[in-house]
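There are 2 protein chains.
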Amino acid sequence: MNAPIVNPALTKNQSLVFEALDRADGPLSAYTILDKLRDHGFRAPLQVYRALDKLTEFGMVHRLESLNAFVACAHRESACCGKGHGHGTVAFAICESCSQVLEFHDHEVDHHLSDWASSKGFKPSKTTIEIRGICQKCAA
Amino acid sequence: MNAPIVNPALTKNQSLVFEALDRADGPLSAYTILDKLRDHGFRAPLQVYRALDKLTEFGMVHRLESLNAFVACAHRESACCGKGHGHGTVAFAICESCSQVLEFHDHEVDHHLSDWASSKGFKPSKTTIEIRGICQKCAA
DNA sequence: ATGGCACACGTTATAGCATAACGCAATTGA
DNA sequence: TCAATTGCGTTATGCTATAACGTGTGCCAT
Ligand SMILES: [Zn+2]
Ligand SMILES: [Zn+2]
Ligand SMILES: [Zn+2]
Ligand SMILES: [Zn+2]
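Residue numbers (the working numbering), protein chains in the order written: chain A, 1 to 140; chain B, 141 to 280.
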């Protein structure tokens, strides 16, 4: 039905939400997404949250806990750790000046945290790593 | 088990909020704290948030971003990294079954993230590390 | 002492984030 | 076909956090 299909498995609402995040140059809150999609028939927060839940489950979108906001995954189709969408634990550097978000993966950090968890008998399900600060461009 | 001695520099409201967190066996939301302190004259969220802001600034309380909740610092008077209250970047393992929180510090993780930031010209101000999962006791 | 300042406090109102609960429609698969 | 599942739309509600206003108190430079 829809030409610009991002992922054929996505529903219409999911596609709209993902494309909104993908077009954005920074993280968006659920309510900001809602406002952007009112012209496409979105009327209530749940329409956004339900799509975000699925997109997050698919690994196409990440939630930034320290911002209560969401970003499209920057890793696209690359795979390095063989987990799900293409990465194990992912980390974010969030510029508090320009809102730019850098998504990255650090094996060493991942392994150290895994080791710590093993040593404590703790079974991780999801790990959040977010660095707030000032990006290179804004520091200049 | 908990040191009854709070920082003498604390105001009455700050002491009350800190003691509530210190008594708790898990993270508390600001509104939960508010409810616990109604008998002590607390009437509005701002009374709690203002105290939490200061306590966080003092390093006596940590905010768990993935829970929108707060915990008393588990490090007490120990100092290992020479920063502020006694630690640099701190990490948390949060049990999704029993809500127990383990606070820890991992030099290696800290240094790797610092190195990454340096290499990208990113100036960190605050780093959040939170592992959600199942603790040893609950996994048994 | 007195004016100015910084800071904590109290209160009301509002903004921002997230989910509960209902019913309906389309899809799937036994 | 019929039940189960999933997505959808809507209304209402709940949880989290801050804005904006004013009060009082201690401190200190004038
Ligand atoms: Zn990603
Ligand atoms: Zn920036
Ligand atoms: Zn601590
Ligand atoms: Zn547990």
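Beta carbons are placed, not taken as given, at the ideal position from N, Cα and C, and that holds for glycine.
| Are at least three pairs of beta-carbons, each pair with one atom in the segment 240-250 of chain B and one in the segment 110-127 of chain A, less than 8 Å apart? | yes
| request: Step through the CB atoms of chain B and report whether any lies within less than 8 Å of the CB of A/Q47. | output: Position 47 of the first sequence holds residue 47 of chain A. It does not; no Cβ of chain B falls within 8 Å.
| query | Roughly how many whole angstroms lie between the Cα atoms of A/S125 and B/C235? | reply | Here residue 125 of chain A refers to the residue found at position 125 when the first sequence is read from its first residue. Here residue 235 of chain B refers to the residue found at position 95 when the second sequence is read from its first residue. A/S125 and B/C235: Cα-Cα distance of roughly 10 Å.
| request: Could you give the DSSP three-state label for A/L102: helix, strand or coil? | output: Here residue 102 of chain A refers to the residue found at position 102 when the first sequence is read from its first residue. Three-state DSSP puts A/L102 in a strand.
| query | Residues of chain A with a CB under 8 Å from the CB of B/H252: which are they? | reply | Working through the second sequence from its first residue, we reach residue 252 of chain B at position 112. Result: D106, E108, V109 and H112.
| task | Determine, using beta carbons only, whether B/A209 and B/S237 come nearer to each other than 8 Å. | result | Position 69 of the second sequence, counted from the start, is the residue given in the question as residue 209 of chain B. Position 97 of the second sequence, counted from the start, is the residue given in the question as residue 237 of chain B. Contact: no.
| B/T267 versus chain A: which residues are under 9 Å apart at the beta carbon? | Residue mapping note: residue 267 of chain B aligns to position 127 of the second sequence, counting from 1. Neighbours of B/T267 on chain A, chain order: I129, E130, I131, R132 and G133.
| query | Does any residue of chain B bring its CB to less than 8 Å from the CB of A/F70? | reply | Residue mapping note: residue 70 of chain A aligns to position 70 of the first sequence, counting from 1. The Cβ of A/F70 sits no closer than 8 Å to any Cβ of chain B.
| Does any CB atom of chain B fall closer than 8 Å to the CB of A/S15? | Position 15 of the first sequence, counting from 1, holds the residue named residue 15 of chain A. Not closer than 8 Å to any Cβ of chain B, the Cβ of A/S15 fails to qualify, so no.
| task | Under 8 Å between beta-carbons, which chain A residues line up against B/P167? List them in chain order, please. | result | In the second sequence, counting from the first residue as 1, residue 167 of chain B sits at position 27. Going along chain A, no residue has its Cβ under 8 Å from B/P167, so there is no contact; the nearest lies around 14 Å.
| What residues in its chain sit with their C-beta under 8 Å from that of B/Y189, if we drop five residues either side in the sequence? | As a working note, residue 189 of chain B is residue 49 in the second sequence. Hits under 8 Å: A170.
| query | Nearest-angstrom Cα distance between B/T267 and B/T229? | reply | Residue 267 of chain B sits at position 127 when you count from the first residue of the second sequence. Residue 229 of chain B sits at position 89 when you count from the first residue of the second sequence. B/T267 and B/T229: Cα-Cα distance of roughly 6 Å.
| request: May I have the straight-line CA-CA distance separating B/F158 from A/D39, to the nearest angstrom? | output: As a working mapping, residue 158 of chain B is identified with position 18 in the second sequence. As a working mapping, residue 39 of chain A is identified with position 39 in the first sequence. Going from the Cα of B/F158 to the Cα of A/D39 covers about 47 Å.
| field | Inter-stretch contact at 8 Å, needing at least 3 Cβ pairs: the segment 10-26 of chain A / the segment 54-62 of chain A | value | yes
| message | If I follow the unbroken alpha helix (DSSP H) through B/C275, where does it start and stop? | response | For the purposes of this step, residue 275 of chain B is taken as the residue at position 135 of the second sequence. It is not in any alpha helix (DSSP H) - B/C275 carries neither H nor E in the DSSP assignment.
| request: For A/E57, write down the residues that DSSP places opposite it in a beta bridge. | output: Here residue 57 of chain A refers to the residue found at position 57 when the first sequence is read from its first residue. According to DSSP, A/E57 bridges with nothing at all.
| request: Answer yes or no: the CB of B/E197 versus the heavy atoms of ligand 3, is any distance below 7 Å? | output: By 1-based counting over the second sequence, the position of residue 197 of chain B is 57. No, Cβ of B/E197 sits at least 7 Å from all heavy atoms of ligand 3.
| Could you give the distance in angstroms between the alpha-carbon of A/A24 and the alpha-carbon of A/Q100? | Numbered from 1 along the first sequence, position 24 holds the residue referred to as residue 24 of chain A. Numbered from 1 along the first sequence, position 100 holds the residue referred to as residue 100 of chain A. Distance between the alpha carbons of A/A24 and A/Q100: 10 Å.
| query | With a cut-off of 8 Å, does the C-beta of B/E159 fall near any C-beta of chain A? | reply | By 1-based counting over the second sequence, the position of residue 159 of chain B is 19. It does not; no Cβ of chain A falls within 8 Å.
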